[in-house]
Amino acid sequence: MSDVEEAITRAHHEEWGRVVAALTRRLGDLDLAEESAAEAFATAVERWPVDGVPPNPGAWLTTTAHRKAIDRIRRENKRDDKQKAARLMYGDEAPEPLGAIDDDRLRLIFTCCHPALALETRVALTLRMVGGLTVPEIAAAFLVREAAMEQRITRAKAKIKAARIPYRMPSADDLPARVSGVLAVLYLVFNEGYLTTGPDPAPVRHDLTAEAIRLARLVHALLPEDGEVTGLLALMLLTESRRAARVSAGGELVILNEQDRGAWDATLIAEGHRLVRERLVAAAAGAKPGRYQILAAINAVHTSARDVRETDWSQVVALYDQLVGLDPSPVIALNRAIAVAELDGPEVALATVDGLAARLTGYRPYHVTRADLLRRLGRSSESRKAYDKAIELAGNAAETSYLKRRRDQLR
Amino acid sequence: MQYLVSVIDDKSEPGSTDRQPLISAFNERLIAEGYWVFAGGLADTTAATVIDNRGEQAVVSDGPFVESKEYLAGVWIWEAPDLDVALRLATEASKICDRKIEVRPFQ
Chain A
7 MSDVEEAITR
17 AHHEEWGRVV
27 AALTRRLGDL
37 DLAEESAAEA
47 FATAVERWPV
57 DGVPPNPGAW
67 LTTTAHRKAI
77 DRIRRENKRD
87 DKQKAARLMY
97 GDEAPEPLGA
107 IDDDRLRLIF
117 TCCHPALALE
127 TRVALTLRMV
137 GGLTVPEIAA
147 AFLVREAAME
157 QRITRAKAKI
167 KAARIPYRMP
177 SADDLPARVS
187 GVLAVLYLVF
197 NEGYLTTGPD
207 PAPVRHDLTA
217 EAIRLARLVH
227 ALLPEDGEVT
237 GLLALMLLTE
247 SRRAARVSAG
257 GELVILNEQD
267 RGAWDATLIA
277 EGHRLVRERL
287 VAAAAGAKPG
297 RYQILAAINA
307 VHTSARDVRE
317 TDWSQVVALY
327 DQLVGLDPSP
337 VIALNRAIAV
347 AELDGPEVAL
357 ATVDGLAARL
367 TGYRPYHVTR
377 ADLLRRLGRS
387 SESRKAYDKA
397 IELAGNAAET
407 SYLKRRRDQL
417 R
Chain B
-11 MQYLVSVIDD
-1 KSEPGSTDRQ
9 PLISAFNERL
19 IAEGYWVFAG
29 GLADTTAATV
39 IDNRGEQAVV
49 SDGPFVESKE
59 YLAGVWIWEA
69 PDLDVALRLA
79 TEASKICDRK
89 IEVRPFQ
């Protein structure tokens, strides 16, 4: 890739959301903002190789996008829009400080994650408008046809306009409820990237995990006092730190206990631990931790240990107990049982896991966990059956190949 | 911006019937705060008549245009600056009416 191409790619990654957000604030129109931003980037692709990369690509793109928006509005030739154009040209609002984190993008995130939109639509719209991912990229990540994804995004934008979903930060009263929706979207994006649900050859989509972390950092920078925002960012960083060790050279999933801990990313771990400690201090002062903070703390325990034996499993189980109190879902109970197996042995854990059968029968990790516990108890034929069941349920190719090898080791 | 706010009742699990005083008080507040445009409760769907005059001759039929467990029990029209304001009021309205509420913008 040439230097100019690289500069354009980087600008797209770093500035897309900012440009769209700034235009949306001025125009109040997501479509027009998006189209003008796209035109500005297209112009950059034409101009930068000839004129050179501008000293401040973000400012160049914002200015160009503004001009494109004015041109567009003039072409449309409607009275309302002419007023918009006038406002754009003579608007007395100060231009956004570049480089600083601005509220425009956060407003855009909250708009895209509005509770009046379906959850899957919120994810798609956030990736498109704030993350700058293309429709085919989003469609591929969520295994839907491109046309269907395009339609979903178009409908969402139409609803925002027709129902007048406001482009602003939610009021103080609404903020806690609305932040939790944003966090749910970011966590979904991250998880989809960390273990894609489809049989995609790439088990990990780094572009999605990176985007989720980038957006979480943005929300955290703007709401540093929100414990769950801090918790989710820490959780993502600590999970991401293990990415390189998670898939073997042969493309097989490597479970946590068997990972080469030397391949974990120490910088991400240090940052994650710092955030978790920050929340521990707050908890000691009486703040009640939510689910992301507890999950981050569990990951902090894992990433503190040099190997599996050194892991403080009683601490992990205690944290899961806290989590069960907040969220009595069978999935949480299953994850708790995995930690219990390390602390009290596979037999105790199996009793719990078997109790979840009715609610988790279609859930792949349930059968994976059961197969592993039965294997450790020497109940090979039952374990084989559980592996078969897990393999049957569609999942990621890297995990399937790991499960097949495990199953075939049993006799 | 005006929103049509529909009160949705359920034939198999109807909401409580003692809501009128609370709804009246809520209406007073909507008027005082400038959101109120119009409101009205509707008679039962059995009182509905549908007319179709798209063909050669008008056809008059008895009953609502759609048969379903859920039906429209009443409407409000609110004037609100944006959806968030309408949703906040609708959240209160649902509690007050003890029924589901649909918020839909006028074009």
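Protein chains in written order, with the working numbering: chain A, 7 to 417; chain B, -11 to 95.
Note that beta-carbon positions come from the ideal geometry of N, C-alpha and C, so glycine has one too.
Source: prediction; values computed, not measured.
Legend entry - Which listed residue (B/Ile65, B/Trp66, B/Val73, B/Glu58) has its alpha carbon closest to that of B/Lys88: B/Glu58
Inset, instruction - Consider the Cβ of B/Leu71: report whether some Cβ of chain A lies at a distance smaller than 7 angstroms. - result: yes
Inset, instruction - Could you tell me which residues DSSP pairs with B/Gly28 in its beta bridges? - result: B/Val63
Legend entry - Where B/Gly51 falls, given that 16 or more other Cβ within 10 Å makes a residue buried: exposed
Inset, instruction - Starting from the C-beta of A/Ala396, find all residues in its chain whose C-beta is less than 7 angstroms away, skip the five residues before and the five after it, and write them out in chain order. - result: Arg370, His373, Val374, Ala377, Leu409
Inset, instruction - Note down the Cα distance separating B/Tyr23 from B/Ala68, rounded to an integer number of angstroms. - result: 6 angstroms
Inset, instruction - Could you confirm whether any beta carbon from chain B is found closer than 7 angstroms to the beta carbon of A/Ile115? - result: no
Inset, instruction - For A/Leu286, name the three-state secondary structure that DSSP assigns. - result: helix
Legend entry - Inter-residue Cα distance where the pair is A/Ala269 and A/Arg248: 7 angstroms
Inset, instruction - Within the same chain, show all residues whose beta-carbon is closer than 8 angstroms to that of A/Arg285, passing over the 5 residues directly before and after it, in chain order. - result: Gly233, Thr236, Gly237, Ala240, Ala293, Pro295, Gln299, Ala302, Ala303
Inset, instruction - Taking only beta carbons into account, state which residues of the region 49 to 83 of chain A come closer than 9 angstroms to chain B, listed in chain order. - result: none
Inset, instruction - Would you mind working out which of A/Gly138, A/Ser335, A/Gly368 sits nearest A/Val25, comparing C-alpha positions? - result: A/Gly138
Inset, instruction - Anything in the region 152 to 171 of chain A with a Cβ closer than 8 angstroms to a Cβ of chain B? List those residues in chain order, please. - result: Ala168, Ala169, Arg170, Ile171
Legend entry - Proximity to A/Phe196 [Cα-Cα], best of A/Glu217, A/Val225, A/Arg184: A/Glu217
Legend entry - Whole-angstrom C-beta distance between A/Glu353 and A/Leu383, which should lie under 8 angstroms: 6 angstroms
Legend entry - B/Glu21: first and last residue of the uninterrupted beta strand (DSSP E) it sits in: Run containing B/Glu21: none; DSSP gives neither H nor E here.
Legend entry - Range covered by the beta strand (DSSP E) that runs through A/Pro371: Note, A/Pro371: premise wrong, no beta strand (DSSP E); alpha helix (DSSP H) at 370 to 382.
Legend entry - Continuous alpha helix (DSSP H) stretch holding A/Lys42: start and end: Before going on, a small fix: residue 42 of chain A reads as Ser here, not Lys. From DSSP, the alpha helix (DSSP H) with A/Ser42 extends over 36 to 57.
Inset, instruction - Report buried or exposed for A/Ile171, applying the criterion of at least 16 other Cβ atoms within 10 angstroms of its Cβ. - result: buried
Inset, instruction - Give a yes or no on whether the minimum CB-CB distance between B/Pro93 and chain A is below 7 angstroms. - result: yes
Inset, instruction - Show which residues of chain B have a CB atom less than 8 angstroms away from the CB atom of A/Ala122. - result: Leu71, Leu75
Inset, instruction - Take A/Ala345 as the anchor and find which of A/Val322, A/Gly34, A/Ala255, A/Arg417 has the nearest alpha-carbon. - result: A/Val322
Legend entry - Span separating the alpha-carbon of A/Ala153 from that of A/Ala363: 38 angstroms
Inset, instruction - May I have the straight-line CA-CA distance separating B/Asn41 from B/Phe53, to the nearest angstrom? - result: 14 angstroms
Inset, instruction - Quick one: residues in its chain with C-beta nearer than 6 angstroms to the C-beta of A/Gly278, no 5 flanking neighbours on either side, listed in chain order? - result: Ala240, Leu243, Leu244
Legend entry - Cβ-based neighbour list, B/Ala81, same chain, cut-off 6 angstroms, excluding 5 preceding and 5 following: Ile89
Inset, instruction - Answer with buried or exposed for A/Leu214, where buried requires no fewer than 16 other C-beta atoms within 10 angstroms of its C-beta. - result: buried
Inset, instruction - Could you tell me if A/Asp98 is buried or exposed, where buried requires 16 or more neighbouring beta carbons within 10 angstroms of its beta carbon? - result: Below a pLDDT of 50, predicted positions are generally treated as unreliable, and A/Asp98, at 47, falls in that range; no measurement from the model is reported.
Inset, instruction - Using DSSP bridges, identify the partner residues of A/Val322. - result: Answer is none; A/Val322 lacks a bridge partner.
Inset, instruction - Classify A/Tyr298 as helix, strand or coil using the three-state DSSP reduction. - result: helix
Legend entry - Reduced DSSP category for A/Glu152 - H, G, I as helix; E, B as strand; rest coil: helix
Legend entry - A/Ile261, DSSP secondary structure in three states: coil
Legend entry - Exposure label - A/Ala290; buried when at least 16 CB within 10 Å: exposed
Legend entry - With 16 other Cβ atoms within 10 Å as the buried cut-off, status of B/Val(-5): buried
Legend entry - Rounded distance between the beta-carbons of A/Ala46 and A/Lys74, thought under 8 angstroms: 6 angstroms
Inset, instruction - Could you check if A/Gly58 is buried or exposed, using at least 16 other CB atoms within 10 Å of its CB as the buried criterion? - result: exposed
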